[in-house]
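Asks: Protein sequences appear in the order of chains A and B. For what it's worth, the working numbering labels the leading residue of the first sequence as 19, then goes sequentially. For what it's worth, the working numbering labels the leading residue of the second sequence as 19, then goes sequentially. For glycine and all other residues, C-beta sits at the position ideal for the given N, C-alpha and C.
Number of protein chains: 2
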Amino acid sequence: MSNAAPTPPAGPSSSSARSSAPASTADAVELLGLVAQLEHTAFVRLAGDCALAPDVEQRLALSRFAAAAVERRDRVLARVAELGADPAASMRQFDDVLTEFDERTQPSSWWERLLKAYVGYGVADDFCRIAAQGLDERSRAVVLEVLDDASHAELAVAELDAAGSGDGVLSSRLALWGRRLVGEALGTVQRLITQRPALERLVAAAAAEPDGAPSDGGNASAAGTTTPNAPAKVFGELTAQHTRRMSRLGLTA
Amino acid sequence: MSNAAPTPPAGPSSSSARSSAPASTADAVELLGLVAQLEHTAFVRLAGDCALAPDVEQRLALSRFAAAAVERRDRVLARVAELGADPAASMRQFDDVLTEFDERTQPSSWWERLLKAYVGYGVADDFCRIAAQGLDERSRAVVLEVLDDASHAELAVAELDAAGSGDGVLSSRLALWGRRLVGEALGTVQRLITQRPALERLVAAAAAEPDGAPSDGGNASAAGTTTPNAPAKVFGELTAQHTRRMSRLGLTA
Chain A
19 MSNAAPTPPA GPSSSSARSS APASTADAVE LLGLVAQLEH TAFVRLAGDC
69 ALAPDVEQRL ALSRFAAAAV ERRDRVLARV AELGADPAAS MRQFDDVLTE
119 FDERTQPSSW WERLLKAYVG YGVADDFCRI AAQGLDERSR AVVLEVLDDA
169 SHAELAVAEL DAAGSGDGVL SSRLALWGRR LVGEALGTVQ RLITQRPALE
219 RLVAAAAAEP DGAPSDGGNA SAAGTTTPNA PAKVFGELTA QHTRRMSRLG
269 LTA
Chain B
19 MSNAAPTPPA GPSSSSARSS APASTADAVE LLGLVAQLEH TAFVRLAGDC
69 ALAPDVEQRL ALSRFAAAAV ERRDRVLARV AELGADPAAS MRQFDDVLTE
119 FDERTQPSSW WERLLKAYVG YGVADDFCRI AAQGLDERSR AVVLEVLDDA
169 SHAELAVAEL DAAGSGDGVL SSRLALWGRR LVGEALGTVQ RLITQRPALE
219 RLVAAAAAEP DGAPSDGGNA SAAGTTTPNA PAKVFGELTA QHTRRMSRLG
269 LTA
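1) If you run the structure through DSSP and keep just helix, strand and coil, what is V115(B)?
2) Taking 8 angstroms as the cut-off, decide whether the C-beta atoms of V115(A) and Q208(A) are in contact.
3) So, do the stretch 132-142 of chain B and the stretch 215-228 of chain B have three or more beta carbon pairs nearer to each other than 8 angstroms?
4) Suppose the cutoff is 8 angstroms on Cβ atoms and the five residues either side in sequence are ignored; what does the same chain contact list for R197(A) look like?
5) Starting from M109(A), find everything on chain B with Cβ-Cβ shorter than 7 angstroms and list it in chain order.
6) Any beta carbon of chain B sitting closer than 8 angstroms to that of L4(A)?
7) Could you list which residues in chain A have their beta carbon closer than 9 angstroms to that of R82(B), in chain order?
8) Say whether chain B places a C-beta atom closer than 8 angstroms to the C-beta of V62(A).
9) For the alpha helix (DSSP H) that R77(A) lies in, which residues bound it at each end?
10) Give the residues of chain A in contact with A44(B), contact being defined as C-beta atoms less than 8 angstroms apart.
11) Any C-beta of chain B sitting closer than 8 angstroms to the C-beta of A65(A)?
12) Hey, could you find the ends of the alpha helix (DSSP H) Q259(A) is sitting in?
13) Where does L56(B) fall in DSSP's three states?
14) With a threshold of 8 angstroms on Cβ separation, who are the neighbours of S108(B) within its own chain once the five nearest residues in sequence on each side are excluded?
15) Please tell me whether H58(B) and G140(B) are closer than 8 angstroms, where the distance is taken between their beta carbons.
16) Using 10 angstroms around the beta-carbon of L194(A), count the other beta-carbons present and answer buried if the total reaches 16, otherwise exposed.
17) For a contact meaning CB atoms closer than 8 angstroms, what does A106(B) contact in chain A?
18) So the candidates are A41(B), D73(B), P72(B), L80(B); which of them puts its Cα closest to the Cα of L173(B)?
19) Quick one, are the C-beta atoms of A11(B) and F61(B) less than 8 angstroms apart?
20) From the beta carbon of C146(A), is the nearest beta carbon of chain B less than 8 angstroms away?
21) Just the Cα atoms here: how many angstroms apart are L220(A) and T212(A)?
22) Compute the Euclidean distance between the alpha carbons of Q76(A) and F145(A), then round it to the nearest angstrom.
23) Mind pulling the chain A residues with CB within less than 7 angstroms of H260(B)?
24) Between A180(B) and chain A, is any beta-carbon pair separated by less than 8 angstroms?
25) Give a yes or no on whether 8 angstroms exceeds the smallest Cβ distance from A69(A) to chain B.
26) Which bits of chain B does A85(A) rub up against, with CB to CB less than 7 angstroms?
27) So, is P72(B) buried or exposed, given that buried needs 16 or more other C-beta atoms within 10 angstroms?
28) How should A159(A) be labelled, buried or exposed, when 16 other C-beta atoms within 10 angstroms of its C-beta is the threshold for buried?
29) Given a threshold of 16 other Cβ atoms within 10 Å of its Cβ, counted over all protein chains shown, does E255(B) qualify as buried or as exposed?
30) I'd like the span of the alpha helix (DSSP H) that includes D166(B), first residue to last.
31) My output table needs one value for A241(B): the three-state DSSP class, helix, strand or coil.
32) Which stretch, first to last residue, makes up the alpha helix (DSSP H) that contains R147(B)?
33) Output yes or no for whether 8 angstroms exceeds the beta carbon distance between L153(B) and A65(B).
Written as structure tokens, this is what we have:
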């Protein structure tokens, strides 16, 4: 149902695609479905954290973050409905988007779990933020607004920072864990782009944007090495954001 | 902190207590804390159901019910704060309120789980609704408003009704399960009243109400048999509501 809209007139990998030529409705619905699924997954994880949290104050905070993720997901799904597509179907196609990532990155402690949420969702959110540059104005606004609400990340930063600052062993373990996480997260993004032409088109459009990350000349498909069409510029941007994120925790990326 | 307010001038088991003489702030905070804890428990359970649900539509519905439970809990906690007490502390004292009930009533199927939620929360909600009659007007309004939002119960009723109507074996199993559940739920209520003088006072005040369940003459403590002070009238009302609830499902109470 979400694939009913026509594909855009420009070729799918056109390196001259600009955000001023917004994505087709079908492409927009696909990215919106991904964002909705990620917010839903955040809800499930936060609710699970809440059930495990030993203290009432943490439980209150985590349950509110979980409820906020539901609200954000539903804002994205409302946009899907506005575009005439089926909200549930838009999410369903990304049911397993994090299954492999989760299998490969089982945290072995509360700190690893916290860093996984911060790094894993950080990369996913950054990817969606970049791809959103290729969307129509209203869809882009919804995605950026939803992803900007990073209150839960602040909690993770505060807790991880406090725990790591006095503990060199924990810090170096977490730094190692962070490198593992970002590797798996970038692999997940790469698979997504390869398997989903709509996301590839949006990312190509974003990479052609002049105001994105340090540009390699505007040619989105020129620098990919492992997969020829994947815009290396986007991976450069994701890696740079990850480094910033880790350094906020005093951890080596 | 929640026990800082003075006890009411009337004796704790006074059978002449009326809702026109509202409970002390400490007693109100205690009932509000119980309601908040029950809503929080509902959130955790609904989020767990959501993580297990096989279908996107069910997941969407359950996550919204879970988020609504957080919102209801927070409305109750806001009233606790208005009364000058500590919201987290008011909940903390009821941390284990359902632990024993849960241990004794482990559902062995999705249907048993659904009926447990409907019956277990039904009894708990009815108890809080009755005890709320003894509260000050504003606290009572908050509790009744929060407990009136029974959208999740409607879902349970629809699913259980559809499943049981064509299946006599399932129906009679669920009828048996319902009797077990209500027995344990009433036992939990009885322990709560015995262990919590504030709740006993509120229930005594409610039992003295002329517009409650069929009255035994307004003497709240006259008819208790297993525990002398427990108002049998309240248990009669809880049992009657349970019977109504089961018959909505076509099940024998």
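Replies: Result, derived from the coordinates:
1) coil
2) no
3) Contact between the stretch 132-142 of chain B and the stretch 215-228 of chain B is absent: fewer than 3 CB-CB pairs across the two stretches fall below 8 angstroms.
4) A271
5) V74
6) With chain A covering 19 to 271 only, the question about residue 4(A) has no answer from this structure.
7) V88, D92
8) yes
9) 74-100 is the span of the alpha helix (DSSP H), which, as asked, contains R77(A).
10) In chain order: nothing, as chain A lies at least about 19 angstroms away.
11) yes
12) Segment 250-266, the alpha helix (DSSP H) holding Q259(A).
13) helix
14) For S108(B), where only same-chain residues beyond five positions count, the Cβ hits under 8 angstroms are S20, V47, E48, L50, G51, A54, L95, V98.
15) no
16) exposed
17) V74, E75, L78
18) For the residues A41(B), D73(B), P72(B), L80(B), the minimum Cα distance to L173(B) belongs to L80(B).
19) Examination of residue 11(B) is not possible in this model, given that chain B is present from 19 through 271 alone.
20) no
21) Straight-line Cα distance between these residues: approximately 12 angstroms.
22) 29 angstroms
23) Near H260(B) there are no residues of chain A at all, since even the closest Cβ is about 28 angstroms away, more than 7 angstroms.
24) no
25) yes
26) A85, V88, E89
27) exposed
28) exposed
29) Around the beta carbon of E255(B), a 10 Å sphere encloses 16 or more other beta carbons of the protein chains shown; the residue is thus reported as buried.
30) 155-166
31) Per-residue confidence for A241(B) stands at a pLDDT of 39, beneath the threshold of 50, marking its modelled position as unreliable; the derived number appears in the next sentence. Three-state DSSP puts A241(B) in coil, outside helix and strand.
32) 128-149
33) no
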